[in-house]
Amino acid sequence: MERMINHLQVADIIFLVSFIVVLTITTPIFGTYITKVFTARTLLGEGLIYRFFGIDPEREMDWRTYTFHLILFNIVGLLVMFFILLLQGFLPLNPQGFKGFPWDLALNTAVSFTTNTNWQAYSGENTASYLSQMLGLTVQNFLSAATGITVAIALIRGLSRSETPYIGNFWVDITRTTLYILLPISFIGAIFLMSQGVVQNFDPYLKISLVDPALNGKEQIIPMGPVASQEAIKLLGTNGGGFFGANSAHPFENPTPLSNFFECLLMLLIPTALTYTFGKLTNRPRLGWLIFGVMMFLFITALFSEYYFMMKSHPGFSKMGIVGPYVEGQETRFGVAGSSLFVTVSCSGEVGAVNGMLDSYLPVGGMIPFLLMASGVTFGGVGAGLYGMVAYMIIAAFIAGLMVGRVPEFLRKKLTPRDMWASVVATITSTFLILILSSIAFRSRIGVSSILNHGPHGITEVLYAYTSAANNNGSAFAGLSANNLFYNLTTAFAMFAGRFVVIIAILYLAGSFAKKKIVPASSHNLCEDSFIFGIWLIFVILMINVLGLFPALSMGPILEHLLIYAAR
Amino acid sequence: MVVLGIDRKLFMSAVIGAFKKLNPIELWHNPVMFSVEIGASILTVEFFLELLGVKKAILWFTGWTTLWLWLTVILSNFAESLSEIRGKARAESLKTYKVSVVAKKLKEPSFDSPFEEVSSIDLRKGDIVLVQEGEIIPGDGEIIEGAALVNEAAVTGESAPVLREAGSDRNAVIGGTKVVAGNVIIKITANPGETFLDKMIGMIEKAKRRKTPNEIALEVVLVSLTGLFLMVVVNFRVLSQYLVEVTGKGKPASITTIAALFVCLAPTTIAALLPAIGIAGMDRLFRRNVVALSGRAIEAAGDVNVLLLDKTGTITLGNRMASEFIPVGGHTMEECLWAAIMSSIADETPEGKSIMELAKKSLGVRSDAIPKKVKVIPFTSETKISGVEVEGQSYRKGAYSAVKDYVEKLGGTVPPELERVVSKIAMTGATPLVIVKDKDIIGVVALKDILKEGIKERLSKLRKMGIKSIMITGDNPLTAAAIAKEAGVDDFIPEAKPEDKLKLVRDLQKQGYIVAMTGDGTNDAPALAQADVAVAMNAGTQAAREAANIIDLDSDPSKLLEIVEVGKSMLITRGALTTFSIANDIAKYFVIVPAAVSPIFPQLDVLNILRLEDPYLAILSAVIFNALVIPALTPLALKGAFYKAVSPNKLFLYNVFIYGLGGIIAPFIAIKAIYHLIELFVR
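Quick note, the sequences are listed as chains Z and L, same order.
With the first letter of the first sequence counted as 1, position 371 gets the number 1267 in our numbering; the numbers rise by one all the way through.
With the first letter of the second sequence counted as 1, position 156 gets the number 145 in our numbering; the numbers rise by one all the way through.
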């Protein structure tokens, strides 16, 4: 028995390591591709779009204009989606005849999808029509992801330019991201997923009579729909909103171990590639790899800790003589390795897709994803992970710059108090939101009564919900009845502020850096691409996140873990 | 107290100052400490409520925590107040020179003009005064007539008198200094209260400097963290209330506990010492006789990557000195030396004196062997040569071309090797002077620029710090190159006109360099005003001093080295203490969180890795540590962190190791020690 587990573990580790290797190989390939998309003079077909919408692609914008257009674009998208959801009962492509969403749920969902969060307080197959899924959700899956990448690209431009107010043209960026990055890759992705058995149709849900004689005469409803197309962009765009409530645990979303591996890869494809693009576009390839290295270090640490804690047995079962890992909540199709990989990837990339039930995992198995989510820069959401990382790097470079006796600079540009405001806002807004909103939740009757498991586990559930919302992750811990006015509105607020406050701060930084003069290189500047700076950066990321969340975590998952294991 | 370098009286006034600074209006400028004061105030109210029995809690715990929170604020104030007072003490010493004296106000700028005696306080800009030997100069001004030796010990602390004379770049005098020899007529350039001395006193006394952008940027980080921790402790209380409600066990974290947690987590160490670091930086410079007129200039000094230096007076001594004699035209060395002596008998210039000295030494003659009765032929701009007529013979010396004309006019011949000798001397960066006896050219004297002592070492030290030096000189490229090579400057600008300096500063800045410049002349003023770090020599003109942001009282241009060091160490101190402050929080979490939660869930005591049994004493120990670390690090804040010109990665690693790793480990040990110490008193 013991020998068998060891064999399995070896296989698991080979599986996990091979994922890391494949991911490292795709990074420069797709990184180069993204670089080309943004450095190309003109791309096939884009001219038509600009002419149609009356956009002058040559005209660049300063940060204020860029921000204005970006926010406007997102607000319009949000409203369109809000009304589609609200009115879906009167709209076509609704074979199941679903009624409109209640207003608070519609608002929550609209915010959720426009902010790249895809927090779902509803279950897709029981609530949303095909039109809502496609026009509302899938469209926003593309656009919210494109928005994130756009912001990252604008920031990279700001960092690499000097003495100019301009950071690019929002409409060009969003068009190129959508047309030349997201669409083609998700198209190929969808085809591959279909090959694995993911459904793609507009059929009404199937009714099948069960063959089990014990359940004689009973029927099972099998939901259908355009799943593969939504699935690919759900993962590629680090959206995470599943077609089905069970998300990637559902066999029509994620049928095989190969599709599981592939889905994990899709989720981190762009976030990793962007680190390479960063190095290319700023002309500092080493720095790009340093960012990749720091993110990868955090990821690997989390992945193997997650695997370790998922392999642990539950003392309650050990007492009964049952050995082996405690697998409640895990999908047996994927096993411990497939489950821990998926959850780590999904929370690292702020995707929020799940292939298991986190609520059932052992406490630390739930806490690691929690911390990944809270940091938001372990690869992070498309674009968001990179721009969040830049904000952390600015803070790290500021303190490090002081320690080498220079007025601090980042990428050879001097840092001002306003830059520090923007960086701090970009890094700690989510923690602020988590702390404030969870405090309100625990002081309000409705907040507490929605918790299914009281005690430390309840604390984890609420903290997780807000962490997921504020960091635009969208995964749910479950165990919290979140579809009510209070949670719909507070999580919507967390998602909205967690997304757009940060984006405004980042675009401010883009504008501010674009205007700065470049300090000439000397051997006495701090090297941002040195090994020691990488370690320092990890320290700063951990300190800012752990310092903000440690007390709360100590009363949630840490306490829970101790309650289970200290009882021995 | 010896460490802090102050006496008992100063210490007491610093203590009083620390209490005065509790005034919230004054403390507001330090938001982090202000929030600690609010915390302390809330706990004080809490303490009285508990004392009066309105609220039930552990009175001793609230009492002691309150006391230590107040002490945290006071100790922080003390550090600031101490650094201010040290500066003030120096200002006091300057003030003693600021006494009113009787000034002789002239009607017109002439030594014969009648004067009236007025008090120096009544002197205004533009007034003309006479200052005679032994008198105190009544106000800042410029000498317009005459020359004098002035003792400037009042401002510089240097007792050797300096020469000040009209019409030169060294014509500025400072009120309160004393004329040791000579009579001068001075035009007053500053109204009372606006003089240099006044400004300096004001600068040092009003240590309420404006925060530099860098300090503000750091404060942004500190304030944000403080805000974050405020939310953390509010959330902490809410969550513990929830746990108590659902489990019915224990008590939620009390106000005292969360106030303690907040103050421990907030970056109080760096916030407390931040003002002191800035003030102490200025003070450290002042002790090296450098007055920084803004904190920003010192910070910028830490960043300087180009230094512009005037050759004369900075790299070389002001005067050239004779270094070599070369006889020509078949004359002996003895003849050459004698002719050199004779031609320089009446030459009072430093160059002339140096020729005399070197020749006498080489020849071994005594002064009495030299004829006294001579007819002086002074240097004129027409002839460009000078010399004497003695015992029927004429001796002359001058530049090659002037002497050639002179000799040819007299019908003499120029030795064929002369041109070669002259140009060879010029190649080495020295100036050749040709010596003539009657119409015979006897030899050539090489006048060499003498490098200032230690200049080479200082320039190479600057290079190690990453600062490139550029020499500006009016010399021809050949001479300039030779001197540049000898002094080890990185680059030089030959044949520079005064207006070139401003252009050069601008060009360098356009390329993104942070430019430092030292200067003393009026024509340096525009370039000084443009430079990021402008160091004016105290001996320089008023215009130069006004354009500068740093003034060097010793007039030693290589002082920039010290300024850079102080600037860098000031920045390092800030970074190091920030890192230390944040790293400390880890230990404090491991002390306070288990202490606060274990009454509800004893299982969390696993996190109590220091094994502190009594939760209240544990929290109190953390608070005490947090307060005591401020005075423990005050000397570091005042002295500045260690700086050495090594590679930035090495320096960074060193500081991360000491303050980061040290900051994680130190509080574990210190809190454990404090816990067991106070345990002795409680039990």
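Don't be surprised by glycine CBs; every beta carbon is placed ideally from N, CA and C.
- A straight line joining the alpha-carbon of GLU442 (chain L) with that of LYS474 (chain L) spans about 15 Å.
- Per DSSP, the beta bridge partners of SER375 (chain L) are L:LYS386.
- Straight-line measurement puts the Cα of PRO1151 (chain Z) at about 26 Å from the Cα of PHE1275 (chain Z).
- At a cut-off of 7 Å between beta carbons, GLY1217 (chain Z) makes no contact with chain L.
- Under the DSSP definition of a beta bridge, GLN1116 (chain Z) partners with Z:ILE1104.
- Secondary structure note for GLU204 (chain L): its alpha helix (DSSP H) is the uninterrupted segment 202 to 236.
- With respect to ALA1048 (chain Z), LEU1089 (chain Z) sits apart: the two C-beta atoms are not nearer than 7 Å.
- In this structure PHE1066 (chain Z) is buried. Its beta-carbon is surrounded by 16 or more other beta-carbon atoms within 10 angstroms.
- Taking a 10 Å sphere around the C-beta of SER914 (chain Z), we find fewer than 16 other C-beta atoms and assign the residue as exposed.
- Residues of chain L with a Cβ closer than 8 Å to the Cβ of LYS1413 (chain Z) are, in chain order, GLY501.
- For ARG273 (chain L), the enclosing alpha helix (DSSP H) begins and ends at 257 to 276.
- For SER332 (chain L), the secondary structure class from DSSP, reduced to helix, strand or coil, is helix.
- Rounded to whole angstroms, the separation of the alpha carbons of ASN1349 (chain Z) and ALA655 (chain L) is 40 Å.
- Within chain L, the residues placing a beta-carbon under 9 Å from that of MET1451 (chain Z) are PHE225, LEU228, SER229, TYR231, LEU232, VAL582, VAL586, ILE589, PHE590, LEU593, ordered along the chain.
- In this structure, L:ILE244 is the residue among L:ARG309, L:GLU204, L:ILE244, L:THR462 with its C-alpha nearest to the C-alpha of GLY28 (chain L).
- By the neighbour-count criterion, in which 16 or more other beta carbons inside 10 Å mark a residue as buried, ASP111 (chain L) falls on the exposed side.
- Secondary structure remark: continuous alpha helix (DSSP H) runs of at least 4 residues inside the region 1304 to 1386 of chain Z, in chain order: 1313 to 1339, 1341 to 1345, 1352 to 1366.
- Two segments are said to touch when three or more pairs of C-beta atoms, one from each, lie closer than 8 Å; by this definition the region 375 to 383 of chain L touches the region 331 to 339 of chain L.
- Within chain Z, the residues placing a beta-carbon under 7 Å from that of PRO202 (chain L) are THR1312, PRO1313, ordered along the chain.
- Interface flag for ILE1428 (chain Z) against chain L is set, since a Cβ pair is found closer than 7 Å.
- Under the Cβ criterion (8 Å, minimum of three pairs), the region 93 to 103 of chain L does not count as touching the region 152 to 168 of chain L.
- In the DSSP annotation of this structure, the continuous segment of the beta strand (DSSP E) that includes ALA136 (chain L) starts and ends at 136 to 140.
- Contact of TRP1185 (chain Z) with chain L by beta-carbon distance below 8 Å is absent, the smallest such distance being about 18 Å.
- For ARG309 (chain L), the beta-bridge partners assigned by DSSP are L:ASP438.
- Shown here, LYS96 (chain L) sits in coil according to DSSP, grouped into three states, outside any helix or strand.
- Neighbours of THR567 (chain L) in chain Z, taken as residues at a C-beta separation under 8 Å, are given in chain order as ILE1295, LEU1298.
- Across the structure, THR1171 (chain Z) and ARG273 (chain L) are spaced so that their CA atoms are roughly 45 Å apart.
- Listed in chain order, the non-local C-beta contacts of ALA1198 (chain Z) below 6 Å within the same chain comprise THR1240, ILE1264, LEU1268, local neighbours out to five positions each way being set aside.
- Comparing alpha carbon positions, the residue from Z:LEU1186, Z:LYS1130, Z:PRO1061, Z:GLU1357 closest to LYS1411 (chain Z) is Z:PRO1061.
- When CB distances to chain L are screened at a threshold of 7 Å, the residues of the region 1319 to 1336 of chain Z falling below it are VAL1320, ILE1324, THR1327, PHE1328, LEU1331, ILE1332, SER1334, SER1335, in chain order.
- Per DSSP, PRO1061 (chain Z) lies in no alpha helix (DSSP H) and is assigned neither H nor E.
- Of all residues in the region 1396 to 1411 of chain Z, none has a C-beta nearer than 9 Å to a C-beta of chain L.
- Residues of chain Z with a Cβ closer than 9 Å to the Cβ of THR236 (chain L) are, in chain order, HIS1350, GLY1351.
- By the 16-neighbour rule on beta-carbons within 10 angstroms, THR1074 (chain Z) is buried.
- In the displayed model, PHE1139 (chain Z) falls within coil according to three-state DSSP, outside both helix and strand.
- Within the model, the alpha-carbon separation for GLU1357 (chain Z) versus LEU1433 (chain Z) is close to 30 Å.
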